[in-house]
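Here's the structure we're looking at; comments come further down.
Below you can see the structure in the form of structure tokens.
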């Protein structure tokens, strides 16, 4: 009784999501011993506490910094990004989309081979065999010629491949670390607090980021096994913001401080800014920026996402945009690699369809792209999916870009995918078998945890 009461008080004082709070409280009273123990292992966010110890006192709410430009469209959206991130919107960048691993991996490998001073890589998954072995060889060669190499792999994502990446890298002399590795003693089972960011910074001058892991699934020949994705090469001053995000993650995992590079020279005309999100933050930065983008739209909102479980406030913003005449279109896989997430997503689709949001199912191969384009001038890309795990539980990295040229290139990707996809019909969706609708509803109840 005492444990259940104490745990209930902790939940009430610390949880922001009422459904999550209700679930934990119910578990603690149904299972008075196992419930509090499970909450102690899995339910307490120790990441925020660790981050505050690492960086000193709790950082106050960030203030807007100069960097927006009144001559650009969506001025309110520029201000939102600055207010939540505390970072300036930097001009002079070039952001190049790279469709699939066939375009991204050769560029990245060539950059690793040409690195002269420093090489920082962060990835959720880092495969150790097959075609991805080329990355190991290139990293080891970089170390041999005196390049400072730092590789950060998520402690949970590392288990997707065997042998595990970090141990294998260390045996080859590569300075590699795990982010929040799961362990029993002392207990650290942060399954819900993962580092989902994907970044590579070479010599502090050029970077790659987006949704692409270093994984053999991107090179599979069979459509049923293959993963498609859109990654990005970034040149220009915003590279230093990407480097700062990696450096913070590295310090979090290793307590080693890295010296940030000097901001690179101008490389293009795009204005860009990094929006980081994670459980160590006081604000739901990604949600706020996405809400701002949807609310600022006048003509079009085009979204590609592998998983579509938007929080209630974002779903409402999409509905409101459609009702005021904005063309709102979302492409998601008919079958992702997480079938239970697909089922949960299907339950909530009717409420979007009823208000005029157009939804499309893309066929195999599974498309892992995370793209948001607004009015042909604004793009939001990065590692975050439109689901509770990405938007509130994981460490994610978003890059907002004000550039009609980039938006036009991403619209081509979107249009090609839409041409292959099937539009979801509201009447047919409502006529699914009762068993399917019940299944989807049950999994939707667990959507805050999926």
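Residue numbers (my numbering): 1289 to 1738.
Glycine included, every Cβ here is placed at the ideal spot set by N, Cα and C.
Euclidean distance between Cα positions of residue i and residue j
| i | j | result |
| --- | --- | --- |
| residue 1351 | residue 1561 | Low confidence applies here, because residue 1351 scores a pLDDT of 39, under 50, leaving its location unreliable and the question unanswered by this model. |
| residue 1501 | residue 1388 | 11 Å |
| residue 1686 | residue 1295 | 34 Å |
| residue 1302 | residue 1723 | 37 Å |
| residue 1429 | residue 1702 | 38 Å |
| residue 1340 | residue 1567 | The predicted model places residue 1340 with a pLDDT of 47, which falls under 50 and marks its position as unreliable, so this point remains unresolved. |
| residue 1471 | residue 1443 | 10 Å |
| residue 1575 | residue 1629 | 19 Å |
| residue 1650 | residue 1545 | 43 Å |
| residue 1671 | residue 1392 | 15 Å |
| residue 1464 | residue 1406 | 14 Å |
| residue 1547 | residue 1564 | 19 Å |
| residue 1451 | residue 1459 | 12 Å |
| residue 1365 | residue 1662 | 11 Å |
| residue 1612 | residue 1580 | 16 Å |
| residue 1656 | residue 1516 | 6 Å |
| residue 1423 | residue 1397 | 7 Å |
| residue 1438 | residue 1539 | 11 Å |
| residue 1725 | residue 1704 | 30 Å |
| residue 1711 | residue 1646 | 7 Å |
| residue 1689 | residue 1507 | 28 Å |
| residue 1599 | residue 1676 | 7 Å |
| residue 1666 | residue 1411 | 26 Å |
Backbone secondary structure at residue i - three-state DSSP
| i | result |
| --- | --- |
| residue 1460 | coil |
| residue 1544 | coil |
| residue 1677 | helix |
| residue 1433 | coil |
| residue 1663 | coil |
| residue 1520 | strand |
| residue 1515 | strand |
| residue 1424 | helix |
| residue 1302 | helix |
| residue 1415 | coil |
| residue 1509 | coil |
| residue 1502 | strand |
| residue 1471 | strand |
| residue 1736 | helix |
| residue 1366 | helix |
| residue 1641 | helix |
| residue 1694 | helix |
| residue 1404 | coil |
| residue 1449 | coil |
| residue 1719 | coil |
| residue 1537 | helix |
| residue 1311 | helix |
| residue 1374 | coil |
| residue 1526 | coil |
| residue 1328 | helix |
Identity of the residues DSSP links to residue i by a beta bridge
| i | result |
| --- | --- |
| residue 1558 | 1381 |
| residue 1487 | 1410 and 1497 |
| residue 1648 | 1619 and 1711 |
| residue 1318 | Answer by DSSP bridge pairing: none, since residue 1318 is not bridged. |
| residue 1465 | 1440 |
| residue 1688 | 1561 and 1668 |
| residue 1386 | 1519 |
| residue 1683 | 1483 |
| residue 1655 | 1516 |
Option nearest residue i by Cα separation, candidates the options
| i | options | result |
| --- | --- | --- |
| residue 1250 | 1409, 1316, 1467 and 1652 | Residue coverage of the chain in this structure runs from 1289 to 1738, which leaves residue 1250 outside it and unanswerable. |
| residue 1717 | 1553, 1636, 1527 and 1681 | 1636 |
| residue 1659 | 1589, 1715, 1515 and 1324 | 1589 |
| residue 1292 | 1454, 1397 and 1316 | 1316 |
| residue 1382 | 1496, 1510, 1550 and 1532 | 1496 |
| residue 1736 | 1727, 1661 and 1633 | 1633 |
| residue 1551 | 1494, 1289 and 1417 | 1494 |
| residue 1618 | 1604, 1564, 1584 and 1596 | 1596 |
| residue 1404 | 1458, 1456, 1410 and 1431 | 1431 |
| residue 1266 | 1384, 1299 and 1409 | Residue 1266 cannot be examined here, being either before or after the span of the chain that is shown, 1289 to 1738. |
| residue 1413 | 1571, 1505 and 1437 | 1505 |
| residue 1604 | 1571, 1639, 1593 and 1627 | 1639 |
| residue 1700 | 1601, 1600 and 1591 | 1591 |
| residue 1434 | 1371, 1615 and 1462 | 1462 |
| residue 1511 | 1726, 1654, 1713 and 1689 | 1654 |
| residue 1328 | 1453, 1615 and 1298 | 1298 |
| residue 1521 | 1306, 1384 and 1729 | 1384 |
| residue 1484 | 1694, 1731 and 1678 | 1678 |
| residue 1498 | 1519, 1513 and 1481 | 1519 |
Chain D contact for residue i (CB, 7 Å cutoff)
| i | result |
| --- | --- |
| residue 1327 | The structure shown contains no chain D; it holds only a single protein chain. |
Residue i: CB within 6 Å of a non-hydrogen atom of the ligand NAD
| i | result |
| --- | --- |
| residue 1465 | Looking at this structure, you won't find the ligand NAD or any other ligand, since it has none at all. |
(request) May I have a chain-ordered list of the beta strand (DSSP E) segments no shorter than 3 residues that lie completely inside the segment 1575-1638? (result) 1588-1592 and 1615-1621
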